[in-house]
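Below you'll find the structure, written out as structure tokens, and then a few comments.
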Amino acid sequence: MQLDDHAMKELMLAGEYHLANGELLSEEVRRAQVLLEEYNRSSVLEGERRRQICEELFGEFGEGAYLRPPFYCNYGYQTKIGARSFANFGVIFLDVGQITIGEDVLLGSYSQLLAAGHTIEPESRRAKWGYGKPITIGDNVWLGAGSIVGPGVTIGENAVIGANSVVMKDIPANVVAVGAPARVIRTIEPGEDRPFDIAS
1 MQLDDHAMKE LMLAGEYHLA NGELLSEEVR RAQVLLEEYN RSSVLEGERR
51 RQICEELFGE FGEGAYLRPP FYCNYGYQTK IGARSFANFG VIFLDVGQIT
101 IGEDVLLGSY SQLLAAGHTI EPESRRAKWG YGKPITIGDN VWLGAGSIVG
151 PGVTIGENAV IGANSVVMKD IPANVVAVGA PARVIRTIEP GEDRPFDIAS
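According to the UniProt record's numbering, the residues represented by the sequence shown are 1 to 200, in order.
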């Protein structure tokens with residue numbers, strides 16, 4: 001059965017296997033790329049326009065949130081960013097699945113939130129079938145530089161992820177996790193206040 005463009009989009013939004021090369025989804029990607037190109041070329045003096053672009057691009061963009069250019073995404077509307085959250089240089093939102101970022105989150109330079117995947121079966125991969133799974137980042141999370149978060153992952157509030165970690169399974173709240181794959185190395189105690197150099 002041949003599925004039309006709108007049916008393919010519904011499959012994408014439902015996290016099912018779909019083809020993203022139809023005209024509808026391709027046009028939505030182009031729309032996002034135009035906004036990204038403008039944002040990533042903009043001057044630091046154009047703060048108001050940068051804010052307007054983010055509000056147009058993302059599903060939600062909280063008060064006081066800020067992304068240092070350049071950053072990249074597929075669709076934009078599949079990503080929600082909470083108030084006062086901050087992304088440093090070079091962050092990637094592969095938002096085939098929905099990406100939800102809480103409030104006061106810190107995303108280190110070149111961190112990647114990859115809410116997308118493909119089958120391991122080569123024929124369907126060659127045909128470009130793919131899927132999305134949601135990523136959820138809780139309030140006050142700090143992702144260290146170069147961190148990778150895979151599809152379907154939830155990171156609990158206040159967690160700290162060490163630089164260059166690869167997070168492919170859920171991480172609970174109030175812990176420090178590092179490594180590839182990321183593993184919890186300790187709990188963050190209430191009121192604890194000390195530097196954590198490996199997450200810069």
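The beta carbon of each residue, even a glycine, is placed where N, CA and C say it ideally should be.
Close Cβ partners of residue i (< 7 Å) along its chain, the five nearest in sequence each way excluded
i: residue 1; result: Below a pLDDT of 50, predicted positions are generally treated as unreliable, and residue 1, at 46, falls in that range; the measurement from the model is reported next regardless. Hits under 7 Å: none found.
i: residue 9; result: 24 and 25
i: residue 45; result: none
i: residue 28; result: 75
i: residue 87; result: 67, 68, 71 and 107
Contact under 8 Å by Cβ, residue i with residue j
i: residue 188; j: residue 178; result: no
i: residue 145; j: residue 156; result: no
i: residue 42; j: residue 49; result: yes
Proximal residues to residue i (C-beta, below 6 Å), its chain only, five neighbours per side dropped
i: residue 92; result: 72 and 112
i: residue 154; result: 136 and 170
i: residue 98; result: 78 and 134
i: residue 147; result: 111, 161 and 165
Nearest candidate by alpha-carbon position, reference residue i, set the options
i: residue 165; options: 185, 194 and 28; result: 185
i: residue 21; options: 139, 183, 129 and 123; result: 129
i: residue 33; options: 44, 14, 18 and 56; result: 56
i: residue 94; options: 106, 41, 42 and 149; result: 149
i: residue 69; options: 54, 80 and 100; result: 54
i: residue 131; options: 5, 4, 30 and 16; result: 16
i: residue 151; options: 5, 121 and 117; result: 117
i: residue 114; options: 101, 123 and 121; result: 101
8 Å contact criterion, which residue i and residue j should meet: CB distance rounded
i: residue 108; j: residue 163; result: 7 Å
i: residue 62; j: residue 26; result: With a Cβ gap of about 29 Å, residue 62 and residue 26 do not count as contacting.
i: residue 139; j: residue 192; result: Contact flag wrong, Cβ pair sits at about 17 Å.
i: residue 76; j: residue 58; result: 5 Å
i: residue 182; j: residue 167; result: 4 Å
i: residue 12; j: residue 105; result: The pair is not a contact, with the Cβ atoms about 25 Å apart (cut-off 8 Å).
i: residue 119; j: residue 125; result: 6 Å
Test: residue i CB closer than 8 Å to a CB of chain C
i: residue 77; result: Absence of chain C from the displayed structure is noted, only one protein chain being present.
heavy atom of the ligand FAD below 7 Å from residue i C-beta
i: residue 142; result: The model depicted lacks the ligand FAD and carries no ligand whatsoever.
Same chain, Cβ closer than 8 Å to residue i, neighbours up to 5 away in sequence not counted
i: residue 202; result: There is no way to answer for residue 202, as the model of the chain reaches only from 1 to 200.
Sequence ranges, beta strand (DSSP E) only - wholly within the segment 146–179, length at least 3: 175–178
Uninterrupted alpha helix (DSSP H) stretches inside the segment 7–66 (no shorter than 4 residues): 23–41 and 47–57
Secondary structure, beta strand (DSSP E): runs of 3+ residues fully inside the segment 95–151: 99–101, 112–114 and 135–137
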